[in-house]
Amino acid sequence: MIYAANFKTNHTRQSTKTYLETLAQKLADKRTEDRVFIFPPATALDSYSGNFTVGAQNAYPTQNGAFTGEIGLEQLEEFGIKTILIGHSERREYLKEDQETVVTKYTYFMAHGFEIIYCIGEPLEVREAGEKAVADYLLSQFEGIDLSYEKLIVAYEPIWAIGTGRSATVEEIASTHAMLRSNMDRPLLYGGSVKPANIKEITAINGVDGVLVGSASLDVESFSEMIFA
Ligand code: PGA
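In structure tokens:
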């Protein structure tokens, strides 16, 4: 299983360090087939050691240059960061990243050999319009994305389930993952209100290869409880 923690705009450099030191101890005897990813805020990126991979929540598709407020490849390479989240719904919605922007980032970081967790997910009105609408919407988020990239991991995160405490049902996850699977052949995560109370039923779903966790990952006890559930 893959367990990925997305801190979003939470944790400081200091608290991330403490978190990762604790996590490193806990993961000393994790199952070898499991993989753990942590996406701290950009200010907390550093070279950490432990049985996990640290990635960037975002970066600009450039080596360096005049892009005020952004970080590029040079700032990631300093810490050996070779993993990135692309297409998260919060960036699509609040930071106005359209599919073209997302594709540009994807293509750039793929060309630089990054492991990419590529996020897709539908808003509530699309979910309420039925499965065909959901499929059309999600597949449109694959437009321009090279799904054959061997370092791609896809994360399905219904927007209405993110940070709301309301996860998608087992049936919704199972049917959406089955639809996505018939269109690509890479590891597929579920995200959206994953927590210790529902981790087991979610990871038991056929077609779920792991989880991308926000709120419930902020506390290292809660996140490691999920890894060892
Ligand atoms: P959540 O966030 O676990 O707080 O719902 C998931 C995500 O946005 O990756």
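Just so you know, we're using our numbering here: the sequence shown kicks off at 223 and counts up by one.
Note that the Cβ used here is the ideal one computed from N, Cα and C, for glycine as well.
- Set against 7 Å, the gap from the CB of L434 to the closest heavy atom of the ligand PGA is smaller.
- Below 8 Å, enough C-beta pairs join the segment 226-234 and the segment 436-446 to call them touching: three or more.
- Distances from the alpha-carbon of A426 to those of G436, D407, S444, M448 put M448 closest.
- The beta-bridge partner set that DSSP reports for F261 consists of N228.
- Following the DSSP letters along the chain, one finds Y412 inside the beta strand (DSSP E) bounded by residues 410-413.
- By the C-beta criterion, the segment 263-274 is judged to be in contact with the segment 235-252, since at least 3 inter-stretch pairs fall below 8 Å.
- Counting the other CB atoms within 10 Å of its CB gives R314 a total of 16 or more, which places it among the buried residues.
- At the C-beta level, A383 and A377 stay beyond 8 Å of one another.
- V324 has its CB no nearer than 7 Å to any heavy atom of the ligand PGA.
- Annotated as proximal: Y340 and I367, with beta-carbon spacing under 8 Å.
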